[in-house]
Amino acid sequence: MTSNRSIPNVLSIAGSDPSGGAGIQADLKTFSALGAYGTSVITALTAQNTRGVRGVHPVPEDFIRLQLDTLLDDVALDAVKIGMVASREVAETLRDGLEARRPHWVVLDPVMVAKSGDVLVDDVGIAAVREVLVPLADLITPNLPEAAVLLGCGAPMTRADMEAMAPQLAALGAGAVLLKGGHLQGESCPDLLITTGETRWLEGSRIATSNLHGTGCSLSSAIAARLALGDPLPEAVANAKQWLETALTESSRLDVGRGHGPVHHFHRWW
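Read in order, the letters of the sequence shown are residues 1 to 270 in UniProt numbering.
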């Protein structure tokens, strides 16, 4: 069960994005927009903007552990969202730290494939995510290419393909899986929520926008925030999807960069 805090504490473990649309910055904005207090452990510094990534500087594993332990020594957490992890050492560090003082909810966004289709993590990193972090998570949120990488197969092309993949994803050991269908062709963006003994479709509209930077980060963080606020899992996912759809629709009000811009995290206020 969640805590009695009216404003829950949620942690993002991810890399930093100077353009503010993805990673730690997007996660903290999302937590704040949904009424949770955001904390962070930074796993990498990046040089990136809305047009691409120019460089990545990983944070040493021992300093990641120091960040996490120092935070957990002081702050009681209700949920944690984990973003891209590229090495087994970091994955094991996160697992050990969170198993020792585990928040009620752990949401893993297995960021392994760029929107260009390029695989961002090598085979060792993929195995670490699959073997170390997925079993730790209460929910994982892969898109279709990421699910294919996790399973070592082709990406689903239809709803039927997504349903056929469900048992294999469930067998990886996470508490639940949100298989995101945004890569399917068509006017809708259906997601498949896979829980113990059940699958359910969560429908969504395809928003006509190029402002897609950080959508995966923001959705997984929104789910973590809603879980920390007390939503049951299906409602947390549905509420997060609805919030993100509006953030995408309202993203045209922002003028950030000349590439794929961010979603409008604070559309309810600005």
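The C-beta atom is built at its ideal place from N, Cα and C for all residues, glycine as well.
Completely contained alpha helix (DSSP H) runs for the region 224-268, where each covers 4 or more residues: 233-249
Have a look at the DSSP bridge pairing and note the partners of V80. On the sequence shown, residue 80 is found 80 positions in, with the first residue counted as 1. The bridge partners DSSP lists for V80 are L11, V106.
Could you spell out the range, first to last residue, of the beta strand (DSSP E) harbouring L179? Here the question's residue 179 lines up with position 179 in the sequence shown. For L179, the uninterrupted beta strand (DSSP E) segment begins and ends at 177-180.
Which residues DSSP lists as bridging V149, in chain order: For the purposes of this step, residue 149 is taken as residue 149 along the sequence shown, with counting starting at 1. Note: V149 sits in no beta bridge, so no partner.
What is the DSSP secondary structure of L34, counted as helix, strand or coil? Position 34 of the sequence shown, counted from the first residue, corresponds to residue 34. Taken through DSSP and simplified to helix, strand or coil, L34 comes out as coil.
Inter-residue Cα distance where the pair is I194 and L254: As a working mapping, residue 194 is identified with position 194 in the sequence shown. As a working mapping, residue 254 is identified with position 254 in the sequence shown. Rounded to whole angstroms, I194 to L254 spans 34 Å at the Cα level.
Nearest-angstrom Cα distance between F63 and L139? Here residue 63 refers to the residue found at position 63 of the sequence shown. Here residue 139 refers to the residue found at position 139 of the sequence shown. Whole-angstrom Cα-Cα distance: 26 Å.
Among the residues of its own chain, which have a CB less than 8 Å from the CB of G52, if the five just before and after it don't count? Residue 52 sits at position 52 when you count from the first residue of the sequence shown. Within the same chain, G259 come within 8 Å of G52 by CB-CB distance, once the 5 residues on both sides are set aside.
Starting from the C-beta of L72, find all residues in its chain whose C-beta is less than 6 Å away, skip the five residues before and the five after it, and write them out in chain order. Within the sequence shown, numbered from 1, the residue matching residue 72 stands at position 72. R101.
Buried or exposed, going by whether 16 or more other CB atoms sit within 10 Å of the CB of S116? Numbered from its first residue, the sequence shown carries residue 116 at position 116. Annotation note: pLDDT 49 at S116 (below 50); position unreliable, no value reported.
Runs of 3 residues minimum, wholly inside the region 170-213: which ones carry the beta strand (DSSP E) assignment? 177-180, 191-195, 198-202
With three or more C-beta pairs closer than 8 Å as the rule, is the region 94-111 touching the region 52-61? no
As assigned by DSSP and simplified to three states, the class of S16: Position 16 of the sequence shown, counted from the start, is the residue given in the question as residue 16. It is a strand residue.
Could you please give me the residues that DSSP links to Q48 through a beta bridge? Locating residue 48 in the sequence shown gives position 48, where the first residue counts as 1. DSSP lists V53 as partners of Q48.
Does the Cβ of H265 have 16 or more other Cβ atoms within 10 Å, making it buried, or fewer, making it exposed? For the purposes of this step, residue 265 is taken as residue 265 along the sequence shown, with counting starting at 1. Per the 10 Å Cβ criterion, buried.
Compute the distance between the beta-carbons of L45 and G38, then report whether it is under 7 Å. Against the sequence shown, residue 45 aligns to sequence position 45. Against the sequence shown, residue 38 aligns to sequence position 38. In this structure, L45 keeps its C-beta atom at 7 Å or more from the C-beta atom of G38.
L179 versus G173: straight-line alpha-carbon distance, rounded: Here the question's residue 179 lines up with position 179 in the sequence shown. Here the question's residue 173 lines up with position 173 in the sequence shown. Using only the alpha carbons, I get a separation of about 15 Å.
Sorted by chain position, which residues of the same chain lie with C-beta nearer than 6 Å to A79's C-beta, five sequence neighbours on each side aside? Looking up residue 79 in the sequence shown gives position 79. If you ignore the 5 residues before and after A79, its C-beta comes within less than 6 Å of the C-beta of V10, P103, W105, A224, L227, A228, all in its own chain and listed in chain order.
Give the straight-line distance between the Cα atoms of A22 and A147, rounded to the nearest whole angstrom. Taking the first residue of the sequence shown as position 1, residue 22 is located at position 22. Taking the first residue of the sequence shown as position 1, residue 147 is located at position 147. So the alpha carbons of these two residues sit roughly 20 Å apart.
Starting from V90, trace the alpha helix (DSSP H) both ways and give me its first and last residue. The residue you call residue 90 lines up with position 90 of the sequence shown. Looking at the DSSP string, the run of the alpha helix (DSSP H) that includes V90 is 88-100.
Quick one: what's got a C-beta closer than 7 Å to R206's C-beta in the same chain, skipping five residues either side? Position 206 of the sequence shown, counting from 1, holds the residue named residue 206. Counting only Cβ-Cβ distances below 7 Å, and skipping sequence neighbours, we find E187, S188, C189.
Compare the C-alpha of R130 against each of S87, L202, G197 and name the closest. Numbered from 1 along the sequence shown, position 130 holds the residue referred to as residue 130. Considering only alpha carbons, the answer is S87.
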